[in-house]
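J.:
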Amino acid sequence: MSKLTDNLDANFKLFIEEVRESGQVWGLRYGEDWVVCRSAEFEDADVMPLWSAEVDARLHCVDEWADYEPEVIELEEFLDIWINDLNEDDVLIGPNWNADLEGQELEPIELAKALVELDA
Numbered sequence: 008m009s010k011l012t013d014n015l016d017a018n019f020k021l022f023i024e025e026v027r028e029s030g031q032v033w034g035l036r037y038g039e040d041w042v043v044c045r046s047a048e049f050e051d052a053d054v055m056p057l058w059s060a061e062v063d064a065r066l067h068c069v070d071e072w073a074d075y076e077p078e079v080i081e082l083e084e085f086l087d088i089w090i091n092d093l094n095e096d097d098v099l100i101g102p103n104w105n106a107d108l109e110g111q112e113l114e115p116i117e118l119a120k121a122l123v124e125l126d127a
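Residue numbers (the numbering used here): 8 to 127.
This is the structure we're talking about:
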């Protein structure tokens, strides 16, 4: 059962807490392709939605994403490789979007900072 709600700030905090605890981030993947969608906040921007729990990622494997499967990314790899690659590609990150695909959209470096801050 999903812990995500309509409270987008709480969903973001949950993302930080759970990713720090588990050391894992979840995206949706089909073959070599990962889910990336248009930003709701910024014109001409793309967002890669990510979740802190497999169950929440799996809930989004419907409709146009029905062929995708949750795929784990270890936190160390995410911070060492993915953050830089997403930043270079000008792709934002959508942490813990709820069932309505609502959530924050952050620059990759901002998410990385939040994940490594001790008092966040």
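Built from N, CA and C at the ideal position, the CB exists for glycine as well.
Classify Leu-108 as buried or exposed, calling it buried when 16 or more other Cβ atoms lie within 10 Å of its own Cβ.
T.: For the purposes of this step, residue 108 is taken as residue 101 along the sequence shown, with counting starting at 1. By the neighbour-count rule (16 or more Cβ atoms within 10 Å), Leu-108 is not buried but exposed.
J.: Specify the secondary structure class of Leu-6 as computed by DSSP and reduced to three states.
T.: For the chain, the structure presents residues 8 to 127; residue 6 sits outside this window and is missing.
J.: Should Leu-57 and Ala-106 be called a contact, given that it needs their Cβ atoms to be closer than 8 Å?
T.: The residue labelled residue 57 in the question sits at position 50 within the sequence shown. The residue labelled residue 106 in the question sits at position 99 within the sequence shown. Taking 8 Å as the Cβ cut-off, Leu-57 and Ala-106 do not qualify as a contacting pair.
J.: Compare the C-alpha of Lys-10 against each of Asp-70, Phe-85, Asn-103 and name the closest.
T.: Translated into positions along the sequence shown, residue 10 becomes position 3. Ranking the options by Cα distance to Lys-10, first place goes to Asn-103.
J.: For Gly-101, is the classification buried or exposed, using 16 other Cβ atoms within 10 angstroms of its Cβ as the cut-off for buried?
T.: For the purposes of this step, residue 101 is taken as residue 94 along the sequence shown, with counting starting at 1. Gly-101 comes out buried.
J.: Since Asp-40 sits in a beta bridge, which residues does DSSP pair it with?
T.: As a first step, residue 40 must be located in the sequence shown, where it is residue number 33. DSSP output for Asp-40 lists Tyr-37 as bridge partner(s).
J.: Would you decide whether Asp-63 is buried or exposed? Buried here means 16 or more other CB atoms lie within 10 Å of its CB.
T.: Here residue 63 corresponds to residue number 56 of the sequence shown, with the count starting at 1. Label assigned to Asp-63: buried.
J.: What beta strand (DSSP E) runs, 3 residues minimum, are completely inside the stretch 54-125?
T.: Here the runs fully enclosed are 76-81, 98-102.
J.: How about Leu-99 and Ala-52: are their beta carbons less than 8 Å apart?
T.: In the sequence shown, the residue the question calls residue 99 occupies position 92. In the sequence shown, the residue the question calls residue 52 occupies position 45. Yes, the Cβ-Cβ distance between Leu-99 and Ala-52 is below 8 Å.
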